[in-house]
Structure formats: C-alpha cells, structure tokens
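With our numbering applied, the sequence shown covers 1 to 126.
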Amino acid sequence: MKTAQQILQQIKTALQSCGVFDAVLVPPSDDRRDNLIMREPAAAIYVHSTKTIDDKGGVKLTEFSFQILMKFLSIGLNDPTEDIQIVTNALAELEPVSITQPYAKRENKRSSAYELNVSFVGGCRS
C-alpha cells in the first residue's frame with residue numbers, strides 16, 4: 001500500500017517534470033496556506049484528507065486527497081488555461097480517482113491563483 005508521503009512525492013515529481021512551474025513546494029500542512037509566498041509560476045502541494053472506504057466485500061481502501069495551489073503570472077495576455085491542462089494531463093498519468101478544479105481566484109493585478117484537488121486510492125488493507 002502506498003502512503004500519503006509516497007503519493008505526494010509522485011505528484012511533486014510529475015509537477016516538476018511537466019515544464020510549467022519554476023518551483024514546486026511542499027509546505028507544512030497548516031493554516032498558513034493563504035500567507036504562502038510563491039514566485040510565479042509555482043505550485044504548492046498539501047495533503048487535504050485521508051479516509052478509509054469500505055467496499056461491500058470487506059476490503060478497506062484508503063483514499064488520499066491532495067490540494068494543489070497554482071500561481072501564475074497574469075500581466076498582459078497571459079492565459080494559464082493551457083498550462084493548467086498540461087498540469088492536469090501530467091497528474092492524470094498517475095491514475096488518480098478524481099481531479100477537480102473547484103475555483104480560480106484572482107490574487108492581484110500581477111498574478112492569479114488556481115486550485116486542483118486530486119484523490120488517489122492508496123491500496124488495500126484487510
């Protein structure tokens with residue numbers, strides 16, 4: 001069974017190698033998310049939640065959810081849509097259970113921030 005830390009490392013490697021970000025951070029998972037300083041383009045990965053799913057056959061699966069915050073430069077005509085698609089494709093290669101983009105928020109005139117939520121099933125426990 002893969003641990004949350006192993007999956008987090010796979011996500012980090014995928015984001016670093018997709019060619020979109022200058023920096024991929026794994027900051028402490030605490031309440032300072034809104035105060036994280038990142039130079040664009042950058043991403044930060046957080047473990048969002050862990051839950052055990054019990055299927056009807058008595059097998060327990062562990063689902064790990066991660067939140068990825070992405071920050072892009074928005075001066076001029078920069079549209080991060082293509083970059084977000086590249087990131088989504090890189091994450092899809094890791095075979096997640098789901099990838100969702102709940103919101104995009106504008107940081108300021110210089111940059112914009114986007115969020116992706118990604119969930120993986122870590123394995124089986126008996």
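Don't be surprised by glycine CBs; every beta carbon is placed ideally from N, CA and C.
Counting along the chain, K71 sits inside the beta strand (DSSP E) bounded by residues 60-73. Residues of the same chain with a CB within less than 6 Å of the CB of D83, apart from the 5 flanking positions on each side, are V20 in chain order. With respect to the 7 Å criterion, A43 and L15 are classified as neighbours on the basis of their beta carbons.
Boundaries of the beta strand (DSSP E) around L25: 23-25. Within 10 angstroms of the beta-carbon of L116 lie 16 or more other beta-carbons, which makes it buried.
Using a Cβ distance threshold of 7 Å, F120 and P96 count as a contacting pair.
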